[in-house]
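To keep things clear, I will list the structure first and then write my remarks on it.
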Amino acid sequence: DTGVSQNPRHKITKRGQNVTFRCDPISEHNRLYWYRQTLGQGPEFLTYFQNEAQLEKSRLLSDRFSAERPKGSFSTLEIQRTEQGDSAMYLCASSPRSGENQETQYFGPGTRLLVL
Amino acid sequence: GENVEQHPSTLSVQEGDSAVIKCTYSDSASNYFPWYKQELGKRPQLIIDIRSNVGEKKDQRIAVTLNKTAKHFSLHITETQPEDSAVYFCAASPSYNFNKFYFGSGTKLNVKP
Chain U
426 DTGVSQNPRH
436 KITKRGQNVT
446 FRCDPISEHN
456 RLYWYRQTLG
466 QGPEFLTYFQ
476 NEAQLEKSRL
486 LSDRFSAERP
496 KGSFSTLEIQ
506 RTEQGDSAMY
516 LCASSPRSGE
526 NQETQYFGPG
536 TRLLVL
Chain E
5 GENVEQHPST
15 LSVQEGDSAV
25 IKCTYSDSAS
35 NYFPWYKQEL
45 GKRPQLIIDI
55 RSNVGEKKDQ
65 RIAVTLNKTA
75 KHFSLHITET
85 QPEDSAVYFC
95 AASPSYNFNK
105 FYFGSGTKLN
115 VKP
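Those protein sequence lines, which keep their order, are chains U and E.
According to our numbering, the first sequence is numbered sequentially starting from 426.
According to our numbering, the second sequence is numbered sequentially starting from 5.
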């Protein structure tokens, strides 16, 4: 499968613990996005990277959240001191550098987080 | 920022009938409108998109129409099949920040055989 991949697919943790998710974009896609999706809602934008630079962060991304893309390839999203309200599906997407489909975002399967 | 509203939240149709899902947006600068299909437990998949320089786009049984004046766009699925059952999301992206998608809240489509 040459699409966007995310690991782990599921994560159960206790409140107060830290968790880290990984996203591997489609090869040669230079833009990478993180979204959060709660039950019955559409994805909500969290942040995006162009290469290794984090260019925009949503107000939804509190101080407990941090995202990195150190080499402009894979990205990690860390949540510190998790709260029950963090329970959601975390989706990653990527877009190609240029061309006709540069606006299109291709999504990964997501990481479902449950905070107990 | 942009606000996208989607209706209906659930839609049940008989196999072979047509289904229409509607979205409205608030930011007149939005110029890219993708539609995603998400089956239970799977990733959102792009099924069709439209840019503001056209009013309609069709791909086999799926079509999307855009009314820029009224700021609404619709997804039309004809000859529905049970495998069309899924949650459909519309999104809008402003020209000044095409990296940021604003999604509707989704429509759960159920196609009854």
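Just so it is clear, CB atoms sit at the ideal spot from N, CA and C, and this is done for glycine as well.
Note that the coordinates shown come from a computational prediction; the quantities given were computed from them, not determined experimentally.
Query raised in the report: Does the Cβ of G533 (chain U) have 16 or more other Cβ atoms within 10 Å, making it buried, or fewer, making it exposed?
Result: Taking the first sequence and counting its residues from 1, the one referred to as residue 533 (chain U) is at position 108. Label assigned to G533 (chain U): buried.
Requested in this report: Please specify which runs of the beta strand (DSSP E), each continuous and at least 3 residues long, are wholly inside the region 462 to 489 of chain U, giving them in chain order.
Outcome: If we require 3 residues or more, the beta strand (DSSP E) runs fully inside the region 462 to 489 of chain U come out as 469 to 475, 478 to 482.
Requested in this report: Determine, using beta carbons only, whether N114 (chain E) comes closer than 8 Å to chain U.
Outcome: Sequence index remark: in the second sequence, residue 114 (chain E) carries index 110 (1-based). No - not a single Cβ of chain U is within 8 Å of the one on N114 (chain E).
Query raised in the report: Are the beta-carbon atoms of D449 (chain U) and F499 (chain U) separated by less than 8 Å?
Result: Here residue 449 (chain U) refers to the residue found at position 24 when the first sequence is read from its first residue. Here residue 499 (chain U) refers to the residue found at position 74 when the first sequence is read from its first residue. Cβ atoms of D449 (chain U) and F499 (chain U): closer than 8 Å.
Query - the region 26 to 44 of chain E contacting the region 96 to 107 of chain E, beta-carbon criterion three pairs below 8 Å - result: The region 26 to 44 of chain E, when compared against the region 96 to 107 of chain E, does touch it at the 8 Å Cβ threshold.
Requested in this report: Report yes or no: is there a C-beta of chain U within less than 8 Å of the C-beta of Y29 (chain E)?
Outcome: One-based indexing of the second sequence puts residue 29 (chain E) at position 25. No, its Cβ sits nowhere closer than 8 Å to a Cβ of chain U.
Query raised in the report: How big is the Cα-Cα spacing for H435 (chain U) and A95 (chain E)?
Result: Position 10 of the first sequence, counting from 1, holds the residue named residue 435 (chain U). Position 91 of the second sequence, counting from 1, holds the residue named residue 95 (chain E). For H435 (chain U) and A95 (chain E), the distance between alpha carbons rounds to 26 Å.
Report task. Count the other C-beta atoms from every protein chain shown that fall within 10 angstroms of the C-beta of T73 (chain E), then say buried if there are 16 or more, exposed otherwise. Result -> Residue 73 (chain E) sits at position 69 when you count from the first residue of the second sequence. By the 10 Å Cβ count, T73 (chain E) comes out exposed.
Requested in this report: Would you kindly report the start and end of the unbroken beta strand (DSSP E) that includes F77 (chain E)?
Outcome: Taking the first residue of the second sequence as position 1, residue 77 (chain E) is located at position 73. Here the beta strand (DSSP E) through F77 (chain E) covers 76 to 81.
Query raised in the report: Among the residues of its own chain, which have a CB less than 6 Å from the CB of K61 (chain E), if the five just before and after it don't count?
Result: Within the second sequence, numbered from 1, the residue matching residue 61 (chain E) stands at position 57. For K61 (chain E), where only same-chain residues beyond five positions count, the Cβ hits under 6 Å are I54, V68.
Query raised in the report: Taking the alpha-carbon positions, what's the P495 (chain U) to E477 (chain U) distance?
Result: Counted from its first residue, the first sequence places residue 495 (chain U) at position 70. Counted from its first residue, the first sequence places residue 477 (chain U) at position 52. Note on geometry: alpha-carbon atoms of P495 (chain U) and E477 (chain U) lie some 6 Å from one another.
Requested in this report: Measure from the C-beta of Y92 (chain E) to each C-beta in chain U and report whether the shortest distance is under 8 Å.
Outcome: Along the second sequence, one-based indexing puts residue 92 (chain E) at 88. Answer no: the Cβ-Cβ gap between Y92 (chain E) and chain U never drops below 8 Å.
Requested in this report: Can you say whether G45 (chain E) is buried or exposed, counting buried as having 16 or more other CB atoms within 10 angstroms of its CB?
Outcome: Here residue 45 (chain E) refers to the residue found at position 41 of the second sequence. Its Cβ having fewer than 16 others within 10 Å, G45 (chain E) is exposed.
Query raised in the report: What span of residues does the beta strand (DSSP E) with Q42 (chain E) cover, start to end?
Result: Here the question's residue 42 (chain E) lines up with position 38 in the second sequence. Unbroken beta strand (DSSP E) run through Q42 (chain E): 34 to 42.
Query - Backbone CA spacing between T141 (chain E) and I52 (chain E) [nearest angstrom] - result: Shown here, chain E extends from 5 to 117; a query on residue 141 (chain E) therefore has no answer.
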